[in-house]
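Engineer: Heads up: the sequence shown is residues 760 to 811, going by our numbering.
One structure follows; several queries about it will come next.
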Amino acid sequence: MAPPKKDTEALTLRLSRDMIEALDDRRRSEPDLPTRPEMIRRLLTECLAQKT
760 MAPPKKDTEA LTLRLSRDMI EALDDRRRSE PDLPTRPEMI RRLLTECLAQ KT
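Structure follows, in structure tokens:
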């Protein structure tokens, strides 16, 4: 595994089981089955883009 990018910061996040299940369902709908962290990044990017 490659080392993390220098301009990033680790974040610890706790989610309910229901939210994890919803996240996993959304991951499975993607053609490349992203990891959980990648799916969270995609969702945040999408949400933030809608807000601006």
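C-beta atoms are modelled at their ideal positions from N, C-alpha and C, and glycine is treated no differently.
All values reported here derive from a predicted model rather than from experimental measurement.
For Q809 and I799, what's the separation of their Cα atoms in angstroms?
Structural biologist: Taking the first residue of the sequence shown as 1, we reach residue 809 at position 50. Taking the first residue of the sequence shown as 1, we reach residue 799 at position 40. Answer to the nearest angstrom: the Cα atoms are 15 Å apart.
Engineer: If you check the beta carbons only, do R801 and L792 fall under 8 Å apart?
Structural biologist: Stepping through the sequence shown from its first residue, residue 801 is reached at position 42. Stepping through the sequence shown from its first residue, residue 792 is reached at position 33. Contact: no.
Engineer: I need the DSSP call for P796, collapsed to helix, strand or coil.
Structural biologist: Here the question's residue 796 lines up with position 37 in the sequence shown. Helix.
Engineer: Just to confirm my understanding: we take P790, look at its own chain, exclude 5 residues before and 5 after, and list those with CB closer than 8 Å. What are they?
Structural biologist: Position 31 of the sequence shown, counting from 1, holds the residue named residue 790. Once the five neighbours on either side are set aside, P790 has no close Cβ partner at all.
Engineer: Straight-line CA distance for L772 to S788?
Structural biologist: Residue numbering aside, residue 772 sits at position 13 when the sequence shown is read from its first letter. Residue numbering aside, residue 788 sits at position 29 when the sequence shown is read from its first letter. Answer to the nearest angstrom: the Cα atoms are 22 Å apart.
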